[in-house]
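Going letter by letter, the sequence shown gives residues 429 to 779 in the numbering used here.
What follows is one structure encoded as structure tokens, with my remarks underneath.
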Amino acid sequence: MQELHDAPLAPLTTFRLGGPATRLVTATTDAEVVAAVREADDSGTPLLLIGGGSNLVIGDKGFDGTALRIATRGFERDGTRLELAAGEVWTDAVARTVEAGLAGIECLAGIPGSAGATPIQNVGAYGQEVSATITEVIAYDRTARETVTLTDAECAFSYRHSRFKADPERYVVLRVRFALEDADGLSAPVRYAEAARALGVQPGDRVPLAAAREAILKLRAGKGMVLDPEDHDTWSAGSFFTNPILTDAEFAAFHARVRERLGDGAEPPAYPAGDGRTKTSAAWLIDKAGFTKGYGSGPARISTKHTLALTNRGGATTEDLLALAREVVGGVRAAFGITLVNEPVTVGVSL
Numbered sequence: 429m430q431e432l433h434d435a436p437l438a439p440l441t442t443f444r445l446g447g448p449a450t451r452l453v454t455a456t457t458d459a460e461v462v463a464a465v466r467e468a469d470d471s472g473t474p475l476l477l478i479g480g481g482s483n484l485v486i487g488d489k490g491f492d493g494t495a496l497r498i499a500t501r502g503f504e505r506d507g508t509r510l511e512l513a514a515g516e517v518w519t520d521a522v523a524r525t526v527e528a529g530l531a532g533i534e535c536l537a538g539i540p541g542s543a544g545a546t547p548i549q550n551v552g553a554y555g556q557e558v559s560a561t562i563t564e565v566i567a568y569d570r571t572a573r574e575t576v577t578l579t580d581a582e583c584a585f586s587y588r589h590s591r592f593k594a595d596p597e598r599y600v601v602l603r604v605r606f607a608l609e610d611a612d613g614l615s616a617p618v619r620y621a622e623a624a625r626a627l628g629v630q631p632g633d634r635v636p637l638a639a640a641r642e643a644i645l646k647l648r649a650g651k652g653m654v655l656d657p658e659d660h661d662t663w664s665a666g667s668f669f670t671n672p673i674l675t676d677a678e679f680a681a682f683h684a685r686v687r688e689r690l691g692d693g694a695e696p697p698a699y700p701a702g703d704g705r706t707k708t709s710a711a712w713l714i715d716k717a718g719f720t721k722g723y724g725s726g727p728a729r730i731s732t733k734h735t736l737a738l739t740n741r742g743g744a745t746t747e748d749l750l751a752l753a754r755e756v757v758g759g760v761r762a763a764f765g766i767t768l769v770n771e772p773v774t775v776g777v778s779l
């Protein structure tokens, strides 16, 4: 294992923000990951797990403890079954499944980060979520002090949530197993209307896998959601806020606020979310509350391509970013009575 002290963490995050860690350990095997976790737990040392760094907001003071960078590698395929090591670069893994003619995660192309992070957030985009294809997650259980295998049901997946996110101090994901589909070179049915339009098909149709992946990459790039060191719109964590899910009563109150603010004919985005609940759009809320693309005058601003991304324009601090996030949260709450929730994990700071 590689070990550094007083190590900068900002370069390990897509925001390029945050102070140093007291100690940075890089693990390249599952055994090294488990050993580093056990060492921290045995000594009572605070532990920060880092994969691709695409979902982290680290405070300017850094992290007083051990930061463990999971850099394991492993892409093992048996027919339509796939097992990925936690440190595998997710977008590269998606590309390899498309090349192998396997459908199920092609619409998750271009999402930055590591494979091990995908079950934690139940990563999803353009009509696909990893929970639809994950069969098992192999993880180190810090409470039981042993490696365990959790079925998809035991992972308790829901919208941008899982058992791992609900209990972040307990599990360290080591490997993720998927069941994909061989559809003779075709994608899974295209579920998302925007993706279907881009592909020139109807929702529910299948298209060649490579065409699906390329269309998604183009859509994401147009929103600044594909990493590019030269493009400050990608110096972000992608979507900074989750889409709110409201009860019937909450949605009725929200709908009334929308009509009051935008006029009697105004209709907010609304999507069934099960159990009598409705999901609405965080991006729409932000825009209609007055925070348009490019909003801000400092080094942290809303992306010029997508209102849901907060970005570092170069030279920003984490406090600059949080000030912008708090302004957006406060503005949306004042306008529509909804409190947005941040999607990235915060370390040493909070909204």
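Where a beta carbon is used, it is the ideal one built from N, C-alpha and C, also for glycine.
In or out: residue i buried (at least 16 other Cβ within 10 Å) or exposed?
i             : result
aspartate 434 : exposed
alanine 594   : exposed
threonine 579 : exposed
arginine 466  : exposed
aspartate 470 : exposed
aspartate 692 : exposed
tyrosine 554  : buried
threonine 571 : exposed
tyrosine 599  : buried
proline 631   : exposed
glutamate 557 : buried
Helix, strand or coil for residue i per DSSP?
i                 : result
phenylalanine 443 : coil
histidine 380     : With the chain represented from 429 up to 779, any question about residue 380 goes unanswered, as that position is not in the structure.
lysine 651        : coil
histidine 734     : coil
isoleucine 644    : helix
glycine 758       : helix
aspartate 748     : helix
glycine 544       : helix
glutamine 549     : helix
arginine 451      : strand
arginine 705      : coil
alanine 463       : helix
valine 769        : coil
isoleucine 714    : helix
alanine 626       : helix
aspartate 692     : coil
leucine 779       : coil
glutamate 574     : strand
serine 586        : strand
arginine 591      : helix
arginine 524      : helix
threonine 739     : strand
On a CA-only basis, which of the options is nearest residue i? Give me that one, please.
i              : options                        : result
serine 778     : Asp676, Val629, Leu484         : Leu484
proline 636    : Ala621, Ile730, Gly529         : Gly529
glycine 724    : Trp712, Leu750, Ala701, Tyr699 : Leu750
alanine 744    : Met429, Leu445, Leu437         : Leu445
alanine 616    : Glu516, Gly759, Ile533, Ser731 : Ile533
arginine 560   : Arg588, Thr675, Leu736         : Residue identity check: residue 560 is alanine in the sequence provided, not arginine. Looking at the Cα atoms, Arg588 is the closest of the given residues.
valine 604     : Ser664, Ala543, Val654, Arg741 : Ala543
alanine 638    : Pro631, Leu614, Thr450, Ala621 : Leu614
isoleucine 498 : Arg505, Leu512, Ile486         : Leu512
glycine 758    : Phe719, Ser731, Pro547         : Phe719
leucine 647    : Pro727, Ala463, Ile714, Ile539 : Ile539
aspartate 375  : Phe764, Ala753, Val576         : A question about residue 375 goes unanswered here, because the residues of the chain that appear run from 429 up to 779.
glutamate 564  : Arg573, Phe606, Thr774         : Phe606
arginine 591   : Gly481, Asp569, Thr708         : Asp569
proline 439    : Gly742, Gly776, Val760, Arg761 : Gly742
serine 586     : Thr519, Lys707, Gly650         : Lys707
threonine 442  : Pro696, Ala677, Asn671, Pro657 : Pro657
alanine 832    : Glu609, Thr508, Glu642         : This structure does not reach residue 832, given that the chain is present from 429 up to 779, and the question cannot be answered.
leucine 608    : Arg524, Pro631, Ala753, Leu476 : Arg524
glycine 726    : Leu736, Asn740, Lys489, Thr735 : Asn740
serine 482     : Arg505, Thr456, Gly493, Val517 : Val517
Does any residue of chain D have a CB that is nearer than 8 Å to the CB of residue i?
i            : result
arginine 573 : The structure shown contains no chain D; it is built from a single protein chain.
Does the distance from the CB of residue i to the CB of residue j come in under 8 Å?
i                 : j              : result
lysine 733        : lysine 716     : no
alanine 611       : alanine 514    : no
arginine 687      : alanine 680    : no
glycine 479       : glycine 541    : yes
leucine 452       : alanine 521    : no
phenylalanine 668 : asparagine 770 : yes
isoleucine 486    : valine 756     : no
aspartate 659     : glycine 652    : yes
glycine 493       : leucine 475    : yes
leucine 690       : alanine 711    : no
leucine 713       : alanine 728    : no
Should residue i be counted as a contact of the ligand NAD given a C-beta to heavy atom distance under 7 Å?
i           : result
leucine 627 : Questions concerning the ligand NAD fall outside what the structure shown contains, since it holds no ligand whatsoever.
What residues are listed by DSSP as bridge partners for residue i?
i                 : result
glutamate 564     : Thr579, Arg605
alanine 435       : Ala449
phenylalanine 669 : Asn770
alanine 753       : According to DSSP, alanine 753 bridges with nothing at all.
glutamate 557     : Gly552
glycine 514       : Looking at the sequence itself, residue 514 is alanine, so the reference to glycine does not match. DSSP output for alanine 514 lists no bridge partner at all.
arginine 497      : Thr454, Ile478
arginine 509      : Asp506, Ala607
isoleucine 486    : Val775
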